[in-house]
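**Student:**
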Amino acid sequence: MSDHKILIVDDEEDHRFIIGECLKDSGFTNLAFATSGEEGLKKIGTEQPAVVLTDTNLGRMNGFEVCRRIKKEHPGIKVVIMTGDARYVDFPKAQSAGADEYKVKTGDCGEIIWALRRITANLDPEEAA
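Mapping of the sequence shown onto the working numbering: residues 71 to 199, in sequence order.
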């Protein structure tokens, strides 16, 4: 479906695995993974993702700070902030950080897949890795 690289930043191994499998099953196969915000920011230089999916809670550097830094240093990269909180209480923080999308992590990954399809449909195919 999409050749654009997607970097998944989540400090919980089971979440990285589940999200990765959901994306692969939906045609997003060009994936990279990071276990912390700091590692995610480093991998942007080596992996050159078109989209970064980041969890809100990552330890020392939260997903909002990751998003702010990406948008400042790499404004062309799209960022989807993911949360396990279905109440959307951090939506204003995500908007303020510059997130392109703010989605709830669910068992079927439906909201995340929908967001990625919409985002990657609008990306330049020449920029796919």
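All C-beta atoms in this analysis are idealised placements derived from N, C-alpha and C, irrespective of residue type, glycine included.
Just to confirm the assignment: which complete alpha helix (DSSP H) runs, minimum length 4, are found wholly within the segment 83 to 131?
**Tutor:** The segment 83 to 131 contains these whole alpha helix (DSSP H) runs: 83 to 95, 107 to 117.
**Student:** Nearest by alpha-carbon distance to Thr-99: which of Gln-118, Thr-105, Glu-91 is it?
**Tutor:** As a working note, residue 99 is residue 29 in the sequence shown. Checking every option, the nearest Cα to that of Thr-99 belongs to Glu-91.
**Student:** To which residues does DSSP link Leu-77 through a beta bridge?
**Tutor:** In the sequence shown, the residue the question calls residue 77 occupies position 7. Leu-77 is bridged to Ala-102, Val-122.
**Student:** What residues match up with Ile-151 in a beta bridge as DSSP calls it?
**Tutor:** Along the sequence shown, one-based indexing puts residue 151 at 81. Its beta-bridge partners are Thr-124, Tyr-172.
**Student:** Within the chosen definition, does the segment 162 to 171 reach the segment 99 to 117 through at least 3 CB pairs nearer than 8 Å?
**Tutor:** no
**Student:** Apart from the five residues just before and just after Arg-139, which ones in its own chain have a Cβ nearer than 7 Å to its Cβ?
**Tutor:** The sequence position of residue 139 within the sequence shown is 69, counting from 1. Around Arg-139: Leu-111.
**Student:** Taking the alpha carbon of Tyr-158 as the reference point, which residue from Thr-126, Asp-80, Asp-194, Leu-93 has its own alpha carbon closest?
**Tutor:** Residue numbering aside, residue 158 sits at position 88 when the sequence shown is read from its first letter. Comparing Cα-Cα distances from Tyr-158 to each of Thr-126, Asp-80, Asp-194, Leu-93, the minimum goes to Thr-126.
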